[in-house]
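Input: a single structure, listed below in structure tokens.
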Amino acid sequence: MEDFSVLYSYFEKIGKHELTDADKAELTSVFKKEQFKKKERVFRVDEENTRHYYIEEGLLRMYIIDQSGKEFNVLFAKERQWLGDLATPAATSYFMDAVENTTVFSVDENGYALLIKKYPQLGSYIRRSYIFLQKRFVSILSKTAEENYEQLLKNDSNLVQRLPQYHISSYLGVTPVFLSKIIAKKARKRD
Numbered sequence: 001m002e003d004f005s006v007l008y009s010y011f012e013k014i015g016k017h018e019l020t021d022a023d024k025a026e027l028t029s030v031f032k033k034e035q036f037k038k039k040e041r042v043f044r045v046d047e048e049n050t051r052h053y054y055i056e057e058g059l060l061r062m063y064i065i066d067q068s069g070k071e072f073n074v075l076f077a078k079e080r081q082w083l084g085d086l087a088t089p090a091a092t093s094y095f096m097d098a099v100e101n102t103t104v105f106s107v108d109e110n111g112y113a114l115l116i117k118k119y120p121q122l123g124s125y126i127r128r129s130y131i132f133l134q135k136r137f138v139s140i141l142s143k144t145a146e147e148n149y150e151q152l153l154k155n156d157s158n159l160v161q162r163l164p165q166y167h168i169s170s171y172l173g174v175t176p177v178f179l180s181k182i183i184a185k186k187a188r189k190r191d
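Counting in full-length UniProt numbering, the sequence shown runs from 1 upward without gaps.
In structure tokens, the structure reads:
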């Protein structure tokens, strides 16, 4: 039998009570545990994405590809975070891949609706994802790449250590060469 303890702990935390055996059985029935290998595609643009993903272990990225073929990372999610297309179950405008070998608990739209009714707090956790995304877009448009890099380091230095520089540069909307200059400048300031 698969281990769902991480998922149970999450719902105990947001529900602020210990789960009963019936609660655990219900969660096990609506969630599917999935594994994605490093660089494996979870979904692609124009596919009907019907699932939301809670990450047990690993790292996912959601991105777009422009008309010239250039990738732009929109979001990353790691352990104990949710990721998916918030427009589910419509055809998605994004690609989502595993950056590392990743294990997730995925739930379809019907299971998600059931969970929102039973755990209204889940809605506020997901709402935070919307808020983060909105703040990220404002930051990209209103701050310099250097300021956005500093913010990324401040908010999630562990994530920066786990990502290749080309993913970070894409996330910041700069070239890898420009990111190297930002990093070098930051190193010189420390010395």
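By construction, the Cβ of each residue, glycine as well, lies at the ideal position given by its N, Cα and C atoms.
| Inside the segment 63–122 only - beta strand (DSSP E) runs reaching at least 3 residues | Runs of the beta strand (DSSP E) inside the segment 63–122: 71–78, 95–98 and 102–108.
| Measuring CA to CA, which of Leu122, Lys135, Tyr53 and Tyr125 is closest to threonine 88? | The residue from Leu122, Lys135, Tyr53 and Tyr125 with its alpha-carbon nearest to that of threonine 88 is Tyr53.
| said: Please report the distance separating the alpha-carbon of serine 129 from that of leucine 152. | reply: So the alpha carbons of these two residues sit roughly 16 Å apart.
| task | Would you list the residues sitting across from leucine 59 in a DSSP beta bridge? | result | Answer by DSSP bridge pairing, in chain order: Lys78.
| task | Return the chain-ordered list of same chain residues with a C-beta closer than 7 Å to the C-beta of histidine 17, the five sequence neighbours on each side being excluded. | result | Cβ neighbours of histidine 17 beyond the five flanking positions: none.
| query | Does DSSP classify histidine 17 as helix, strand or coil? | reply | Correct three-state label for histidine 17: coil.
| task | Starting from glutamate 34, follow the alpha helix (DSSP H) in both directions and report where the run begins and ends. | result | Per DSSP, glutamate 34 belongs to no alpha helix (DSSP H); it is in the beta strand (DSSP E), 31–36.
| said: Quick check: isoleucine 55 and lysine 78, are their CB atoms within less than 8 Å of each other? | reply: Yes, the pair counts as a contact, with Cβ atoms nearer than the cut-off.
| said: Quick check: what's the CA-CA separation for arginine 190 versus glutamate 150? | reply: Rounded to the nearest angstrom, the gap between the Cα atoms of arginine 190 and glutamate 150 is 13 Å.
| request: Compute the Euclidean distance between the alpha carbons of alanine 91 and glutamate 100, then round it to the nearest angstrom. | output: Here the C-alpha atom of alanine 91 lies approximately 25 Å from the C-alpha atom of glutamate 100.
| request: Would you mind working out which of Leu19, Thr28 and Val6 sits nearest aspartate 108, comparing C-alpha positions? | output: The shortest C-alpha to C-alpha distance from aspartate 108 to any of Leu19, Thr28 and Val6 is the one to Thr28.
| query | First and last residue of the beta strand (DSSP E) that includes phenylalanine 43? | reply | 41–43 is the span of the beta strand (DSSP E), which, as asked, contains phenylalanine 43.
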